[in-house]
Each structure stands twice: as C-alpha cells, then as structure tokens.
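Novice: In this note's numbering, the protein residues as written are 475 to 677. Beta carbons are placed, not taken as given, at the ideal position from N, Cα and C, and that holds for glycine.
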C-alpha cells in the first residue's frame, strides 16, 4: 500500500508533468490554475495543497531542468580529455536532457522569465553558471571568438526540442554526435569533426 507521502509525491509529479505540457503549448501566462485542475482532475483549490501557486509550479519545472543540465556539465568538468571530446560529451548530455523531457526543456528555455524576485535571480545565476561551463570547453575549441561560438553551439542544441521526434530514426546521442561533427568542422577550421568519424563517432 502506498503511503500518504508517496501518494502526495506522485500527485505533485503529475501536476508538474501536466503543467509542463500546458506551459509549453500555451505559455505560462495563458495557463490558469483552473486549466491545470482540468487536466489533472483536481479542483483548483486542491492544487494549493501541493503548491502555493502557479509561479511555484513554474519554478519547480525550471529548477529541475536547470539541475539536470548543470549536473551533466559539472560531471564532465572533472573528467580529463581534449576539448573536442569534451564538446561532444557536453552536446550529448545537453540533448539527452532535452530529449528526455521536451516540454520541460521548452519551459526552461522560454518561460523562465515569468519568474520574479529571488526565484528569477536564482535561475539567472544557474543559467550563467551553465554558460560558464560551456565557455570553459569552447575557449579551447574556438579561441578566436568563444562567446559567439558558445551562442552558436547552444542555439543548435536548444532548438532540438522543436523538431526532435522520439519515434524518429535518430536517437539523442546520434543527433549530438552529428551536431558536434558539423560544428567542430566549422569552429576549428581544420577538419577535426571529420577526423572524429574515423575514431568511431557514428556518421
């Protein structure tokens, strides 16, 4: 038999999942607590037993995504290896998070600005930390213009949520490897991406 705590945790997860879908499809501001109640089968008043309000729900979705993105990059930072290999590993980690929860990724990338005060400041800090970790890798790959290179790399990786289909022919790791190969060819200017194919990266 499930405990009361387990049931409450499962209900919170359900609310967060449905909220991510609605925030992703309609936008945070266009979604009401009544909308959330309808898709979860709860009265709006019952939602407040789990969350203080709509902004707390948004914050929880965004902070969970931020921790997933950061967790992958922090783990990579401690690992030795050439910058090209680190970029490939970072790309895989990023796209894996996006592919695992497309709605959550979209909310993290676009709706976080609806947060206010300390919550917004915290997410801003975490996003900057994430960018700094990417900069550490990209400075060694594209020293001539690392900031623009990082914007290019993350723009490509982030946009995956728009077109990625879990039922499609390419999995997250294969997409990441193809991205990395194309980007490294352009960023390094010496064919390092093509060399990676001979080392076993899937074409």
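In terms of residue numbering, what span does the alpha helix (DSSP H) encompassing residue 592 cover?
Specialist: 591-615
Novice: Beta-carbon separation of residue 532 and residue 615 under 8 angstroms?
Specialist: no
Novice: I'd like the list of long-range same chain contacts for residue 569, defined as Cβ closer than 7 angstroms, with 5 residues on each side in sequence excluded.
Specialist: 631, 634, 646, 649 and 650
Novice: Can we say the segment 541-557 touches the segment 566-580, given the rule of at least three CB pairs closer than 8 angstroms?
Specialist: In this structure the segment 541-557 touches the segment 566-580; the number of beta carbon pairs closer than 8 angstroms is three or more.
Novice: With distances taken from CA atoms, which of 525, 498, 490 and 508 is nearest residue 535?
Specialist: 490
Novice: Which class does residue 497 belong to by DSSP, given the choice of helix, strand or coil?
Specialist: helix
Novice: Would you kindly report the start and end of the unbroken alpha helix (DSSP H) that includes residue 644?
Specialist: First-last for residue 644: undefined, no H or E at that position.
Novice: Among 641, 512 and 654, which residue has its Cα nearest to the Cα of residue 626?
Specialist: 654
Novice: Distance check for residue 488 and residue 660, CA to CA, integer angstroms please.
Specialist: 43 angstroms
Novice: Within the chosen definition, does the segment 582-598 reach the segment 520-530 through at least 3 CB pairs nearer than 8 angstroms?
Specialist: Contact holds between the segment 582-598 and the segment 520-530, because three or more Cβ pairs, one in each stretch, are under 8 angstroms apart.
Novice: May I have the straight-line CA-CA distance separating residue 628 from residue 559, to the nearest angstrom?
Specialist: 16 angstroms
Novice: Flag this pair as yes or no: are the beta carbons of residue 514 and residue 492 separated by less than 8 angstroms?
Specialist: yes
Novice: Among residues of its own chain, excluding the 5 on either side of residue 611, which ones have a beta-carbon nearer than 7 angstroms to its beta-carbon?
Specialist: 557, 560, 561 and 564
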